[in-house]
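*Asks:* In our numbering, the protein residues as written are 55 to 139. Here a beta-carbon is modelled for each residue, glycine too, at the ideal position from N, C-alpha and C.
(1) Using the beta-carbon count (16 or more within 10 Å), is residue 76 buried or exposed?
(2) From what residue to what residue does the alpha helix (DSSP H) around residue 49 run?
(3) Would you give the residue range spanned by the alpha helix (DSSP H) that residue 108 belongs to?
(4) Under the three-state reduction of DSSP, which class applies to residue 76: helix, strand or coil?
(5) Classify residue 115: buried if its beta carbon has 16 or more other beta carbons within 10 angstroms, exposed otherwise.
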């Protein structure tokens, strides 16, 4: 399972982020290993993190665009204060 947004930086920038209930997508292990992992302190915004994760999914996996859009909408629904425009 790949968390979108990634769990480590998500915990740092999204209030009440919970890895156990956060949006995720099932992708093949080979594709999952290709996605760059953010380590250490994350200094970007939640919107920047979501944008990076979506870009990485499109670049490194064959995830259907419809499922990627679902992940975007689910993040906005679960964490509305973090993804306000």
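*Replies:* On the basis of the coordinates in this document:
(1) For the purposes of this step, residue 76 is identified with residue 22 of the chain shown, where counting begins at 1. The residue in question, residue 76, is buried, as its Cβ has 16 or more Cβ neighbours within 10 Å.
(2) Absent from the model: residue 49. The displayed extent of the chain is 55 to 139, so no value can be given.
(3) Taking the chain shown and counting its residues from 1, the one referred to as residue 108 is at position 54. Looking at the DSSP string, the run of the alpha helix (DSSP H) that includes residue 108 is 100 to 114.
(4) Counted from its first residue, the chain shown places residue 76 at position 22. In the structure shown, residue 76 sits in coil (DSSP, three-state: anything other than H, G, I, E or B).
(5) As a working mapping, residue 115 is identified with position 61 in the chain shown. It counts as buried.
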